[in-house]
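**Q** Position 27, counted from 1, in the sequence shown is what full-length UniProt numbering calls 27; the numbers after and before it change by one each time, with no gaps.
Beta carbons: idealized from backbone N, C-alpha and C, even for Gly.
First the structure, which I've put down as structure tokens, then a few questions once you've had a look.
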Amino acid sequence: MYSTTHYHSTTHEVLCVYSGRAQLCFGGESNPGNVITEVQAGDAIVIPAGVGHRLLEDVSERGEEFQMVGSYPKGCSWDMCYGKPGEEEQAEAVKGVQWFSKDPLYGDDGPVLWKEARDISGNGT
């Protein structure tokens, strides 16, 4: 993963970590609602189109190195956007990206395919 915050306006992305550990930032460093998390070999992450992401730090143990592979839905082309002036058209294009028709990790009935709205606020309403 790049060490510069970027997002994709044309497609979602799936990342699979196969070696080491790293600290990643989702949502951009200056966003107070960002998510900073540590990932390790065996983790898989689904990143919706328009969500900024970057590698903060490789925190692998000695002798290891953070390695991951990124994947995009079949037939999709990815782009690189940085949230800079002049990218307004790309930012607007995110709204038109269709959600997955099949969960990229679990298939036809995986958690990426919500059947109804879910409360993720934590307040139980």
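Identify, in the order they occur along the chain, each residue of the same chain with its Cβ nearer than 7 Å to the Cβ of THR37, setting aside the five sequence neighbours on each side.
**A** Cβ neighbours of THR37 beyond the five flanking positions: LEU24.
**Q** Can at least three beta-carbon pairs, one atom from the stretch 73-82 and one from the stretch 33-48, be found at a separation below 8 Å?
**A** No: fewer than three Cβ pairs fall under 8 Å.
**Q** Does DSSP classify VAL39 as helix, strand or coil?
**A** VAL39 falls in the strand class under three-state DSSP.
**Q** Only counting the same chain, and skipping five residues up and downstream in sequence, which positions put a Cβ closer than 6 Å to that of HIS12?
**A** Answer for HIS12: PRO48 and ALA49, listed in chain order.
**Q** Between which two residues does the alpha helix (DSSP H) carrying SER91 extend?
**A** In the sequence under discussion, the amino acid at residue 91 is Ala, which differs from the Ser named in the question. From DSSP, the alpha helix (DSSP H) with ALA91 extends over 88-93.
**Q** Going by the DSSP bridge assignment, what does LEU24 pair with across the sheet?
**A** LEU24 is bridged to THR37 and LEU55.
**Q** Measure the C-alpha to C-alpha separation of VAL97 and ASP108 and round it to an integer number of angstroms.
**A** Looking at the two C-alpha atoms, the distance is approximately 19 Å.
**Q** Would you decide whether MET1 is buried or exposed? Buried here means 16 or more other CB atoms lie within 10 Å of its CB.
**A** The residue is buried, with at least 16 neighbouring Cβ atoms inside 10 Å.
**Q** Which residues does DSSP pair with GLN98 in a beta bridge?
**A** GLN98 is not bridged to any residue.
**Q** Just list the residues that DSSP pairs GLY49 with in beta bridges.
**A** Reading off the sequence, residue 49 comes out as Ala, not Gly. ALA49 is not bridged to any residue.
**Q** Can you list, in chain order, the residues of its chain whose CB lies under 8 Å from that of CYS81, leaving out five sequence neighbours each side?
**A** Closer than 8 Å at the Cβ level, and outside the excluded window around CYS81, lie HIS6, TYR7, HIS8, SER9, GLU87, GLN90 and ALA91.
**Q** I'd like to know whether the C-beta atoms of PHE66 and ASP58 end up nearer to each other than 7 Å.
**A** The answer is yes: Cβ separation under 7 Å.
**Q** Considering only C-alpha positions, which residue in the set GLU61, GLY27, GLY28 and ALA22 is nearest to ASP43?
**A** Among GLU61, GLY27, GLY28 and ALA22, the Cα nearest to that of ASP43 is on ALA22.
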